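234 is the number of the first residue of the sequence shown in this note's numbering; add one for each residue after it. Where is the CB? At the ideal position from N, CA and C, for every residue including glycine. A quick note: this is a predicted structure, and the numbers were derived from the prediction, not measured.
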Amino acid sequence: MRGNVERLVVTEAEQLEANLKDPLWRLSNLYKIIVKVNENDEGKVILFKPNRAQRRFIKRMWHRNIILKARQLGFSTLVALLWLDYALFNENARCGIIAQDKPSAEAIFRDKVKFAYENLPPELLAVMPLKADNSSELLFAHNNSSIRVATSMRSGTIDRLHVSEYGKICAKYPDKAKEVRTGSIPAVPKSGIIIIESTAEGQDGDFFTMTQRAMAQQESKTALNERDYRFHFFPWWEAPEYELDPAGINLTAKDRDYFDKVEAEIGIELSQRKRAWYVATRNADFEESPEDMWQEYPSTPQEAFQVSTEGCYYTNQLANARKDGRICRIPKLEIPVDTFWDIGNSDMTAIWFKQKVGLEHRFIKYYENSGETLGHYAKYLQDTGYIFGRHFLPHDANHKKLSDTNKSVKEMLEALSVRNIDIVPVITDELTGIQMTRDAFSQCVFDEVDCAQGLKRLQGFKKAWNAQTGSWKPTPRPNDENAHGADAFRQFGQALDGGMLKGVIDAPARRKPKGSWRSI
Numbered sequence: 234m235r236g237n238v239e240r241l242v243v244t245e246a247e248q249l250e251a252n253l254k255d256p257l258w259r260l261s262n263l264y265k266i267i268v269k270v271n272e273n274d275e276g277k278v279i280l281f282k283p284n285r286a287q288r289r290f291i292k293r294m295w296h297r298n299i300i301l302k303a304r305q306l307g308f309s310t311l312v313a314l315l316w317l318d319y320a321l322f323n324e325n326a327r328c329g330i331i332a333q334d335k336p337s338a339e340a341i342f343r344d345k346v347k348f349a350y351e352n353l354p355p356e357l358l359a360v361m362p363l364k365a366d367n368s369s370e371l372l373f374a375h376n377n378s379s380i381r382v383a384t385s386m387r388s389g390t391i392d393r394l395h396v397s398e399y400g401k402i403c404a405k406y407p408d409k410a411k412e413v414r415t416g417s418i419p420a421v422p423k424s425g426i427i428i429i430e431s432t433a434e435g436q437d438g439d440f441f442t443m444t445q446r447a448m449a450q451q452e453s454k455t456a457l458n459e460r461d462y463r464f465h466f467f468p469w470w471e472a473p474e475y476e477l478d479p480a481g482i483n484l485t486a487k488d489r490d491y492f493d494k495v496e497a498e499i500g501i502e503l504s505q506r507k508r509a510w511y512v513a514t515r516n517a518d519f520e521e522s523p524e525d526m527w528q529e530y531p532s533t534p535q536e537a538f539q540v541s542t543e544g545c546y547y548t549n550q551l552a553n554a555r556k557d558g559r560i561c562r563i564p565k566l567e568i569p570v571d572t573f574w575d576i577g578n579s580d581m582t583a584i585w586f587k588q589k590v591g592l593e594h595r596f597i598k599y600y601e602n603s604g605e606t607l608g609h610y611a612k613y614l615q616d617t618g619y620i621f622g623r624h625f626l627p628h629d630a631n632h633k634k635l636s637d638t639n640k641s642v643k644e645m646l647e648a649l650s651v652r653n654i655d656i657v658p659v660i661t662d663e664l665t666g667i668q669m670t671r672d673a674f675s676q677c678v679f680d681e682v683d684c685a686q687g688l689k690r691l692q693g694f695k696k697a698w699n700a701q702t703g704s705w706k707p708t709p710r711p712n713d714e715n716a717h718g719a720d721a722f723r724q725f726g727q728a729l730d731g732g733m734l735k736g737v738i739d740a741p742a743r744r745k746p747k748g749s750w751r752s753i
């Protein structure tokens, strides 16, 4: 009997040793995470078990991976644990996670990586001690491997790289996106693994380009090499938790048409509980911009990058400008440049740059920034090297204060050698100013490269949504990131309508030889 007991103990030890050699077993049996049942909950500690979407990804994981997904499916947690596990059980491994900003990096490191390590079984902690531990990296003494979370990584070889919310990085931090593309990704050898995941952020930027390329390769069914990206898509309707009792949830005819269209595309019936969850989530979280559901909870990959023009103020005007060839490359002439501003401090400041050539108002540049002083913008003007005519500021520049100097914005800019400032008079109805701007569009030409961000602001500037009536309000949606660029452009429309531009110096139109850019 005693021999049988001893043999049983040995067998259990052998089984544990065998289990520890299995990465999938380790992932489901060693690591603890913090989960929140609701927003007011402090969170509880549970043993991590991969959900259905995570298991599907693990099964299909390739050397290079692009994940387009709905929100809150747990991929950041999954990859953090995969990388931690790889670092713990492999020698001299270097694992990295790039987050969109410093707070996100700190949260991932603290709540996912370090928490999971510190809550390992005591027996493993005893044989896997830390050699170094700082605010962003764990270096293990037993095998010289490490895992690091930061906003940028360039130095040395990276065996495992995760770029979290790359779509947001591309949209908000283009310089950081370029660093990821040119520095971090090339640091991973072809034998390593890269996981780039994000919700969608519009139809531009590196994440959009990489996703479209990976989707096209998947559709062509061509074999992937180690440097090709495998496309993974995880829609909201696949998540079993995204359901709700339909009682009391009102679906409009437009909602029903939408779900019927999605069902036809995906070949799967969406239950009433699924439909109710979608409508309730949209109305609660995206009341002012319901089309944001497309990027946060996409039904199809194409929908994730879809940009709605419903409710946009300048849709027709921009469409006509493109049709007429008035969005193109524009030569910068040696004539005065006028500027049109919307001014913020912690908010964004936006500036449009314009030259008058004959009957055309040519917008040659757009610039925006946030959190900067007026000195920053004065220097930006100087650095362009342009000859400036007049600067048109909104009405509140006569009294708005951005510091403790008790000077208006106009006075502060004049002190910074910004001369010839005109204040565009206030109008009682913003919609009147928007209509003035619409009326002026036919005279406008835009540089497609140097005004690209400004054109995006004009395209995205839209009305508020009324969830109760299921229709657009006449007024702009609040807290719209596109409003500053659109408001700066509206100063042009109002100034033109008010006769403020009649005295500007322009270049007379004249014929140019055939084959030239335009008659200037």
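Rounded to the nearest angstrom, the gap between the Cα atoms of N377 and T582 is 48 Å. For the pair I560 and E681, the CB atoms are nearer than the 7 Å cut-off. The closest CA to that of P523, considering only S504, G544, Q505, is found on G544. Nearest in C-alpha terms to N715, of all of R671, N602, S704, is N602. Between D720 and A338, the alpha-carbon positions lie close to 34 Å from each other. Its Cα nearest to that of A673, the residue G732 stands out among H717, G732, L253. Around E502, the same chain offers E496 as residues with beta carbons nearer than 8 Å, after the five sequence neighbours per side are excluded. Bridge pairing for W705: W698 [DSSP].
One thing to note: V678 has its Cβ no nearer than 7 Å to the Cβ of R555. Between A349 and Y264 the beta-carbon gap is near 5 Å, inside 8 Å, which marks them as a contact.
In the three-state scheme derived from DSSP, where H, G and I count as helix and E and B as strand, K282 is classed as coil.
In the three-state scheme derived from DSSP, where H, G and I count as helix and E and B as strand, K454 is classed as coil. Straight-line measurement puts the Cα of M669 at about 21 Å from the Cα of I597. Around the beta carbon of R381, 16 or more other beta carbons lie within 10 angstroms, which makes this residue buried. Your pair V657 and Q724 checks out as a contact, with CB atoms roughly 5 Å apart and the cut at 8 Å.
Comparing alpha-carbon positions, the option among T432, Y319, D392, R506 lying closest to I299 turns out to be T432. Under the three-state reduction of DSSP output, Q588 falls in the strand class. Residue V396 holds the alpha-carbon nearest to the alpha-carbon of L301 among V396, K565, E324. Taking 7 Å as the cut-off, the Cβ atoms of K282 and G276 do not count as close. Taking 7 Å as the cut-off, the Cβ atoms of C403 and F440 count as close. Per DSSP, reduced to three states, the secondary structure at V657 is coil, with no helix or strand assignment. Between R393 and Y462, the beta carbon gap of about 15 Å keeps them out of contact (Cβ cut-off 8 Å). Using a C-beta cut-off of 8 Å, the region 291–298 makes no contact with the region 350–364, since fewer than three inter-stretch Cβ pairs fall below that distance. By the Cβ rule, the region 616–624 counts as touching the region 558–575, because three or more pairs are nearer than 8 Å. Secondary structure at R297: strand, using DSSP grouped into helix, strand and coil. Per the coordinates, the alpha-carbon of A313 lies some 6 Å from the alpha-carbon of K345.
Selection M443, K409, Y399, S388 evaluated against P419 yields S388 as nearest (Cα-Cα). Our two residues, L371 and K347, have alpha carbons roughly 8 Å apart in a direct line.
Bounds of the alpha helix (DSSP H) holding K411 are 407–412. Of the candidates P534, D488, Q535, E498, the residue whose Cα lies closest to the Cα of A513 is D488. Using a Cβ distance threshold of 7 Å, G726 and Y599 do not count as a contacting pair.
E351 and E498 have their C-alpha atoms some 46 Å from each other. With fewer than 16 other CB atoms across the displayed protein chains lying within 10 angstroms of its CB, P422 is exposed. Distances from the alpha-carbon of R562 to those of Y475, C684, M361, S309 put C684 closest.
Taken atom to atom, the span from the alpha-carbon of A456 to that of M448 is near 13 Å. For L394, DSSP records a beta bridge to G329, I427.
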